[in-house]
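These notes concern the structure reproduced below.
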Amino acid sequence: MLKLADRYIIRKFLQTFLFIVLLFSLIVAVVDFSSKVSDFTEASISADQLLRQYYPNFIGFINGLLWPLYTLIAVIYFTSRLSANNEILAIFNMGVSLHRLLLPYLLCATLIAAFGLAANHYLIPNGNKKWLTLQYTYLTPDEDEGKTQNVHLFIAPDSKVYFRQYNKRDSTGTHFRLEEYQNQELVRLIKARNIEWIGPPDRWRLHHPETHLLRGLHQEVEHSGLPLDTSFNLVPDDFVDYKDQHFMFTTPELKRYIDRQKARGINNTAKYEAERYRRTADAFTIYVLTLLGMVIAGRKSRGGTGWHMALGLGLGAIFLFLSRFAIVFASGQIIPLVLGIWMPNLIFGGITLYLMLKAQQ
217 MLKLADRYII
227 RKFLQTFLFI
237 VLLFSLIVAV
247 VDFSSKVSDF
257 TEASISADQL
267 LRQYYPNFIG
277 FINGLLWPLY
287 TLIAVIYFTS
297 RLSANNEILA
307 IFNMGVSLHR
317 LLLPYLLCAT
327 LIAAFGLAAN
337 HYLIPNGNKK
347 WLTLQYTYLT
357 PDEDEGKTQN
367 VHLFIAPDSK
377 VYFRQYNKRD
387 STGTHFRLEE
397 YQNQELVRLI
407 KARNIEWIGP
417 PDRWRLHHPE
427 THLLRGLHQE
437 VEHSGLPLDT
447 SFNLVPDDFV
457 DYKDQHFMFT
467 TPELKRYIDR
477 QKARGINNTA
487 KYEAERYRRT
497 ADAFTIYVLT
507 LLGMVIAGRK
517 SRGGTGWHMA
527 LGLGLGAIFL
537 FLSRFAIVFA
547 SGQIIPLVLG
557 IWMPNLIFGG
567 ITLYLMLKAQ
577 Q
């Protein structure tokens, strides 16, 4: 059963955390609006779009990335105040152990981590679709890196397609080729002057198709003046490639995308896999930084709250830098991807464990 001291710590923790979230949300909104106000005006984006579609979801995205850092700052700030007022010392004098004192901290961390998990895996990606769609439509329409000329795409490990020209507006292409291989030898080739997307799941219409069947030196050619409706593992979204596209997928969508790419023989999915693992690792980070913040700020120091906050912000900056550094290394396949994502947690978890053992002495 929670005691009075537990409820007091929980209330302080959550109040401080929510205040920091609100404070940083306002700062993010003001800074972003100040830097983009001219772009918003030129793009004729309405105030309703900004207030309903852009900023609530953009702020949610930024907060999702900084959720663990907010937790660290909140823990250090309110714990340092408790320590400065000798409240932590009074709790210890009542015979409460360090492990028992950590209970309300861990309860709050669990609450924040649970919400963070749901947000990272589902809520934030759905919100990202809204504000990023607005940004790519009005502010940065040229950020789509998907090719439209001389496009080569694998649709299976032994099949690929070629478009000389592809039009994203109406999902049509010219000078289409579908090549199928066996034992690295071309066995079937389908050509078409024009191709158009019909609809899901993977339906396309080929105009003036021409089929070549190759058996060694022998070749059979079939011509048809009629359109040919067929299906293969390709959709219009495969021609779209935004830098932040991985933020727009919920975790089930990420998994389906990764599996689909690998089934097609495409293995450059590190960015998407890293995002998938990060969403879960961040929840564990909240526990690590909660314990770290409590151990740092639990002892009264001459520098007071200011010193504790400076130390906490410094550690938070190091953690964020280490996280980015590890992801880059993991994405470059220098180290295993899962290890790269979890490395900051392992390092800071070890530091936290050492400080906790030292604090008990």
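As numbered in our numbering, the sequence shown has no gaps in its residue numbers, which increase by one up to the final residue, 577. Every residue gets a Cβ at the ideal spot worked out from N, C-alpha and C, and that includes glycine. Note that the structure is predicted; figures quoted are calculated from it, not measured.
Determine whether the beta carbon atoms of residue i and residue j lie at a separation below 8 Å.
i: A490; j: L553; result: yes
i: Y354; j: A259; result: yes
i: Y321; j: I225; result: yes
i: G514; j: S299; result: yes
i: I275; j: A306; result: no
i: I502; j: G332; result: yes
i: V504; j: T568; result: yes
i: F409; j: H434; result: Contrary to the premise, residue 409 reads as Arg rather than Phe in this sequence. No.
i: T506; j: S296; result: no
i: E303; j: Y458; result: no
Provide the residue span of the alpha helix (DSSP H) that contains residue i, from first to last.
i: V237; result: L220 to E258
i: R492; result: A486 to A513
i: R380; result: Not the alpha helix (DSSP H): R380 falls in the beta strand (DSSP E), residues S375 to N383.
Put residue i into one of helix, strand or coil per three-state DSSP.
i: G415; result: strand
i: T390; result: strand
i: H428; result: strand
i: D453; result: helix
i: N410; result: strand
i: F370; result: strand
i: Y458; result: coil
i: S539; result: helix
i: E361; result: coil
i: L555; result: helix
i: L433; result: coil
i: Q400; result: coil
What residues in its chain sit with their C-beta under 6 Å from that of residue i, if we drop five residues either side in the sequence?
i: Y338; result: T466
i: V437; result: H428
i: V367; result: F379 and Y382
So, for residue i: in the same chain, excluding its five sequence neighbours on each side, which residues have a beta-carbon less than 7 Å away from its beta-carbon?
i: N449; result: I371, A372, D418 and R480
i: Y488; result: H462, L470, Y473 and I474
i: V247; result: none
i: L369; result: K376, V377, L450 and D454
Between which two residues does the beta strand (DSSP E) carrying residue i extend?
i: I474; result: Unbroken run through I474 is the alpha helix (DSSP H), T467 to A479; no beta strand (DSSP E).
i: S440; result: Where S440 is concerned, there is no enclosing beta strand (DSSP E), given that its DSSP letter is neither H nor E.
Residue i: beta carbon under 7 Å from a heavy atom of the ligand COA?
i: I304; result: The ligand COA is not part of this structure, which contains no ligands at all.
In chain order, what are the residue ranges of uninterrupted alpha helix (DSSP H) at least 4 long that sit wholly in the stretch 294 to 351? Entirely contained in the stretch 294 to 351, the alpha helix (DSSP H) runs reaching 4 residues are, in chain order, 303 to 309, 314 to 334 and 340 to 350.
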